[in-house]
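Trainee:
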Amino acid sequence: MTRPAPRFGLAAAVLALTATTLGPPAPVSAPTPAPQEPGWRLVWHDEFDGSAVDRARWNVRDGEGRDIDLGCNVDSPDNVLVGGGTLTLRALRREVACGSQTRQYTQAYLDTIGKASWTYGRFEIRARSPGAPATSQGLWPAFWLRPDDGGNGEIDVIELPGGARWYDRFTAAIFWDYSPVKQDTRIALPGGGHPGDGFHTYVTEWDATSLRWYADGQLVWTRDRGTTPWYGDAFGKPYNLRLNFQVGGWLGAPGAATRFPADFVVDHVRVYQR
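Next comes the structure, spelled out in structure tokens:
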């Protein structure tokens with residue numbers, strides 16, 4: 478809160494102005510450190526306090542068109558923006574050459590392959606998905622993990638598909654492979670609302686015996702060795718982070734009312750370990 482300035486006489490005001498003008502510049506405050514979680518040790522985080530993606534933390538994919546979506550992943554300031562303490566992954570309706578193909582949308586995909594990976598931990602994101610049901614059809618933001626060895630296993634902290642059928646819940650999932658042998662669920666936010674109405678915090682805690690999903694501080698789903706026969710084989714090795722915003726896929730293509738530019742806005746990503 479800004480406090481009202483005290484009243485001075487003219488001479489005092491002139492002296493104060495002179496001192497302000499001629500004195501050394503005020504020091505720039507350091508970014509606020511990420512808070513610790515009780516029982517956990519913060520080992521990696523990005524608060525997006527700068528003006529560009531931290532390339533020491535993230536890879537940004539470029540010129541990649543995958544067969545599971547309709548867009549092209551591009552390393553462009555039009556699609557990957559950092560400012561005001563947030564990361565924005567932006568999808569655009571824009572024709573672009575993408576390898577040997579031409580795609581009608583550009584999108585963004587970040588990962589930590591070769592930079593950071595973990596076996597077990599607490600993986601947290603605070604984010605806002607794009608839009609209301611009528612304007613978000615065909616949009617698909619996600620925060621997930623894949624094993625360094627490229628083999629079996631996937632942990633989806635969140636998928637946030639848009640459109641009238643999907644927009645009001647988030648998806649949590651685990652995969653053994655893409656045949657698909659998987660387990661997933663659609664989850665309503667415990668406090669009501671939907672993932673696009675503001676920022677919400679999503680967490681997956683992972684250890685040798687179980688995976689636990691939280692939304693806005695509430696436990697919402699659990700998988701363990703009893704629910705998942707392949708748990709030990711899939712989830713006992715290092716995994717890296719994936720943070721992306723794709724257009725199209727299993728949820729269908731954008732509709733005429735889908736609004737572009739579309740933004741997936743991330744306030745922070747944090748990793749903790751015991």
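Okay, so the sequence shown: first residue is 478 according to my numbering, each after it adds one. For each residue, glycine too, the CB sits at the ideal point set by N, CA and C.
#1: When DSSP labels each residue in this structure, what does residue 751 get in the three-state scheme?
#2: Here's a check: name, in chain order, each residue in its chain whose Cβ is nearer than 6 Å to the Cβ of residue 695, leaving out the five neighbours to either side.
#3: Who does residue 687 pair with in a DSSP beta bridge?
#4: For the stretch 535-546 and the stretch 582-589, state whether three or more C-beta atom pairs, one from each stretch, are separated by less than 8 Å.
#5: Threshold first: 4 residues or longer. Then list the alpha helix (DSSP H) segments lying entirely within the stretch 522-577, N to C.
#6: Out of 632, 729 and 655, which has the shortest C-alpha to C-alpha gap to residue 719?
#7: Relative to the C-alpha of residue 610, which candidate in 689, 722 and 672 has its C-alpha closest?
#8: Tell me, to the nearest whole angstrom, how far the beta carbon of residue 743 is from that of residue 600; I am working on the premise that it is less than 8 Å.
#9: Which of the three DSSP states, helix, strand or coil, is assigned to residue 504?
#10: Below 8 Å, can you find three or more Cβ-Cβ pairs linking the stretch 708-723 to the stretch 628-648?
#11: Using a Cβ distance threshold of 8 Å, determine whether the stretch 733-741 contacts the stretch 680-698, with at least three qualifying pairs required.
#12: Determine the direct distance from the alpha carbon of residue 620 to that of residue 511, and round the result to whole angstroms.
#13: Can you check whether the CB of residue 520 is closer than 8 Å to the CB of residue 750?
#14: Check whether the Cβ atoms of residue 556 and residue 579 sit closer than 8 Å, and answer yes or no.
#15: Which same chain residues end up closer than 6 Å to residue 678 when comparing Cβ atoms and leaving out the 5 residues on each side of it in sequence?
#16: Would you call the CB atoms of residue 558 and residue 724 closer than 8 Å?
#17: Report the three-state DSSP secondary structure of residue 612 (helix, strand or coil).
#18: Between which two residues does the alpha helix (DSSP H) containing residue 710 stretch?
#19: With DSSP as the reference, label residue 661 as helix, strand or coil.
#20: Among the candidates 640, 566, 543 and 594, whose CA atom is the shortest distance from the CA of residue 716?
#21: When you compare each of 676, 636 and 576 to residue 649 by their alpha carbons, which one comes out closest?
#22: Taking the alpha-carbon positions, what's the residue 567 to residue 688 distance?
Mentor: Reading off the structure:
#1: Coil.
#2: Here the set comprises 667.
#3: Among the bridge pairs identified by DSSP, residue 687 is matched with 701.
#4: Contact holds: three or more Cβ-Cβ distances are below 8 Å.
#5: Segments of the alpha helix (DSSP H) lying fully in the stretch 522-577: there are none.
#6: Nearest option by C-alpha distance: 632.
#7: Closest option to residue 610, Cα to Cα, is 672.
#8: For a cut-off of 8 Å, the C-beta gap from residue 743 to residue 600 is around 13 Å, too long to register as a contact.
#9: At residue 504 the pLDDT is 43, less than 50, meaning the model places this residue with poor confidence and gives no usable figure here.
#10: Note that the stretch 708-723 touches the stretch 628-648; at least 3 beta-carbon pairs, one per stretch, sit closer than 8 Å.
#11: Using a C-beta cut-off of 8 Å, the stretch 733-741 makes no contact with the stretch 680-698, since fewer than three inter-stretch Cβ pairs fall below that distance.
#12: In this structure, the straight-line span from the alpha carbon of residue 511 to that of residue 620 is close to 19 Å.
#13: Residue 520 is positioned such that its CB atom lies closer than 8 Å to that of residue 750.
#14: Going by beta carbons, residue 556 and residue 579 fall outside the 8 Å limit.
#15: Here the set comprises 603 and 693.
#16: Against a cut-off of 8 Å, the Cβ pair of residue 724 and residue 558 comes out as no contact.
#17: Judged by DSSP in its simplified three-state form, residue 612 adopts helix.
#18: Segment 708-711, the alpha helix (DSSP H) holding residue 710.
#19: Of the three classes helix, strand and coil, the one that applies to residue 661 here is strand, per DSSP.
#20: Looking at the Cα atoms, 594 is the closest of the given residues.
#21: Closest in C-alpha terms to residue 649, from the list 676, 636 and 576, comes 636.
#22: Going from the Cα of residue 567 to the Cα of residue 688 covers about 30 Å.
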